[in-house]
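K.L.:
Numbering (the working numbering), first residue to last: 2 to 146. What follows is a single structure, and I will ask about it in a moment.
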């Protein structure tokens, strides 16, 4: 295995040399500026499609962390989610449609749902799905803003 590792290193140096010889300068006309993220951009818009909300939650982790406002003016931070298979034909966007071992299932604007698997109450620590259900702070029918 030692000899194979040496050969791999030597080959990688040859590959690096080849890269250095064949690299191209980037065309500055094709570059795109990415603005600095703000905390306001991390607010979840429940009228958006479930897949978009799920992607945003992942994109804003670890900073600024996706959130949804609570009735008391504080924010519920949402650390992780996945697409849900739960259905509820009469639910509104932002409405909790199920609570189970997987997490909190929330309806989105395209009548599909996401499953919140990790969240954080104001002043608290991040909770997983089991811990979320133990707090009993959410119930089916709760509506996020």
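Where is the CB? At the ideal position from N, CA and C, for every residue including glycine. Given the structure is predicted, the values throughout are model-derived calculations rather than measurements.
Give me the residue from 11, 47, 59 with the minimum Cα distance to residue 97.
P.N.:
Your numbering for residue 97 matches position 96 in the chain shown. The candidate whose alpha carbon is nearest that of residue 97 is 47.
K.L.:
Near residue 103, what residues of its chain come up, given a Cβ to Cβ distance below 6 Å and the 5 sequence neighbours on each side ignored?
P.N.:
Locating residue 103 in the chain shown gives position 102, counting from the first residue. So the qualifying residues of the chain are 116, 130.
K.L.:
Ends of the alpha helix (DSSP H) at residue 66?
P.N.:
The count along the chain shown starts at 1 and reaches residue 66 at position 65. Looking at the DSSP string, residue 66 is not in any alpha helix (DSSP H), and its letter there is neither H nor E.
K.L.:
Name the residue from 113, 133, 76 whose alpha carbon lies nearest to the alpha carbon of residue 101.
P.N.:
Numbered from 1 along the chain shown, position 100 holds the residue referred to as residue 101. Of the listed residues, the one whose Cα sits closest to residue 101 is 133.
K.L.:
For the putative contact between residue 84 and residue 43, defined by C-beta atoms under 8 Å, what is the C-beta separation to the nearest angstrom?
P.N.:
One-based indexing of the chain shown puts residue 84 at position 83. One-based indexing of the chain shown puts residue 43 at position 42. No, residue 84 and residue 43 are not in contact; Cβ-Cβ is about 19 Å, not under 8 Å.
K.L.:
With a threshold of 16 other CB atoms inside 10 Å of the CB of residue 128, please say whether the residue is buried or exposed.
P.N.:
For this step, residue 128 is matched to residue 127 along the chain shown. Buried, because 16 or more other Cβ atoms sit within 10 Å of the Cβ of residue 128.
K.L.:
Taking the C-alpha atoms as reference points, what is the distance between residue 120 and residue 79?
P.N.:
The residue labelled residue 120 in the question sits at position 119 within the chain shown. The residue labelled residue 79 in the question sits at position 78 within the chain shown. Cα to Cα, residue 120 sits roughly 4 Å from residue 79.
K.L.:
Taking its Cβ as the centre, do 16 or more other Cβ atoms sit within 10 Å of residue 33, making it buried, or is it exposed?
P.N.:
By 1-based counting over the chain shown, the position of residue 33 is 32. By the neighbour-count rule (16 or more Cβ atoms within 10 Å), residue 33 is not buried but exposed.
K.L.:
Write down the C-beta distance between residue 81 and residue 45 rounded to the nearest angstrom, noting that I regard them as a contact closer than 8 Å.
P.N.:
Within the chain shown, residue 81 is the residue found at index 80, counting from 1. Within the chain shown, residue 45 is the residue found at index 44, counting from 1. 13 Å between Cβ atoms; not a contact.
K.L.:
What are the boundary residues of the beta strand (DSSP E) that includes residue 45?
P.N.:
Here residue 45 corresponds to residue number 44 of the chain shown, with the count starting at 1. Neither: residue 45 is in no beta strand (DSSP E) and is coded neither H nor E.
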